[in-house]
Amino acid sequence: MSNEAQRRADRLRELPFERATASFNGSFGSFVRSIREIAGQRELLGLLVRRELKARYKDSSLGFLWSLIRPLTMLVIYYVAIGQFLGAARGVPDFAIFVFAGLTIWGLYSEIVTGGTTSIIGNAGLIKKVSLPREIFPLAATGSALFNFIVQFIVLIVATIVLGQAPLSWNLLYVPASIAIVLIWGVALGLLLSAVNVYLRDVQYLVEVAMLILFWASPIVYAWSFVVDAAARSGITWLTDLYLANPVTIAVLGFQKGMWVAGSSESVIDGQTIPPQPWPADLDLRIAVMLGIGIVFAIICQRVFQKLQGNFAQEI
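According to my numbering, the sequence shown is numbered sequentially starting from 7.
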């Protein structure tokens, strides 16, 4: 070994060891440190989000329009199949706005969770070569989902204005609160599932099945009043409380109450007067509770992620 190489080795030997990742000691300080590390990689996070979007629509003639075509296609299918053929639209005023509002907020949640679940596996090359906070990859999937959500949300706003149902009331405050619920719970699950998926690859397929079940377990293509009526007919009134234990359900209901004006006022359908749609009791309190629980859940999921990420490079 040359003298210069020996001097470098001696200097490296004298440097103190630093922990590459935060230890799993459950402390809130470790969580805050992780947030600061991620904040310090803002530019890289932005680059990853842009890469996600470019990769999704690479070599596509329509490009970002595909983020709009899919939900509009789903809207037409559910409007015709559920609304017209099965008659759901008869008791739901402005059924198209109602369905598209539900599809918009659901799409955000679904993309965050499914994209986050596969984010670590999908970035195996970077994880093996570059030292950086691994939470960035599920967050990049969240950024990509947010872009698609914004496109759909703009279309939803334009549709409400064109139909003369612009949401200009205090109910509009439910919208940011509902989005916050989706972001907090979506990111938390994205972190947790992305880490578990490294060790158990079946998780990503289980998530697809779970998303299908959750879609129909939320009032997206049918109104909340249908759930209330079904519970009353069956005599299982506690079913509504169980139904509302799902944070996605609360987020969808809050988003619909903010954007679906016809649901909060008296309407006329085919000459028949339809009273305002019922909303869950204490919806404001339920939203606040879901936000609080979601924050705690997100902290727990991030700590579990920190614990599991130590062997990512070896497992992938």
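Backbone N, C-alpha and C fix where the C-beta goes; we use that ideal spot for every residue, glycine too. Bear in mind the structure is a predicted one, so any value in this text is a computation, not a measurement.
- Would you call the stretch 181-199 and the stretch 218-228 touching, i.e. three or more CB-CB distances under 8 Å? no
- Nearest neighbour of Ile219, chosen from Val254, Asn203 and Trp244 [CA to CA]: Val254
- Item | Coil, strand or helix - Thr243 by DSSP | Assignment of Thr243 by DSSP, reduced to helix, strand and coil, places it in the coil class.
- Query: Taking buried to mean at least 16 other C-beta atoms within 10 Å of its own C-beta, is Ser116 buried or exposed?
  - Reply: buried
- Under a three-way DSSP split, which group does Gly128 fall into? helix
- Near Leu109, which residues of its chain fall below 7 Å by C-beta distance, leaving aside the five closest residues on each side in sequence? Pro77, Met80, Leu81 and Ile226
- Message: Contact between the stretch 258-272 and the stretch 110-130 is defined here as three or more beta-carbon pairs at a separation below 8 Å; is this criterion met?
- Response: yes
- Item | Whole-number beta carbon distance between Gly269 and Leu99, since they are thought to touch under 8 Å | The question names Leu, but residue 99 in the sequence shown is Pro. Confirmed, Cβ separation roughly 7 Å.
- Query: Using the C-alpha atoms, what's the distance from Ile83 back to Val161?
  - Reply: If you take the alpha carbons of Val161 and Ile83, they lie about 18 Å apart.
- Taking just the CA atoms, how far does Gly196 sit from Val38? 19 Å
- Consult DSSP for Ala287 and reduce its assignment to one of helix, strand or coil. In the structure shown, Ala287 sits in coil (DSSP, three-state: anything other than H, G, I, E or B).
- Query: With C-beta atoms as the reference, is Lys340 less than 8 Å away from Leu289?
  - Reply: Residue 340 is absent from the model: the chain starts at 7 and stops at 322.
- Query: How long is the line joining the alpha carbons of Arg56 and Ala45, rounded to whole angstroms?
  - Reply: 17 Å
- For Arg39, does the three-state DSSP call read helix, strand or coil? helix
- Query: Below 8 Å between beta carbons: does that hold for Ala151 and Ile118?
  - Reply: yes
- Spatially closest choice to Val164 from Thr120, Ala236, Ala107 and Ala87, by CA coordinates: Of Thr120, Ala236, Ala107 and Ala87, the residue nearest in Cα terms is Ala107.
- Cβ of Leu250 within 8 Å of Cβ of Gly149? no
- Between the beta-carbon of Val267 and the beta-carbon of Gln158, is there less than 8 Å? no
- Item | Helix, strand or coil at Val258 [DSSP, three-state] | helix
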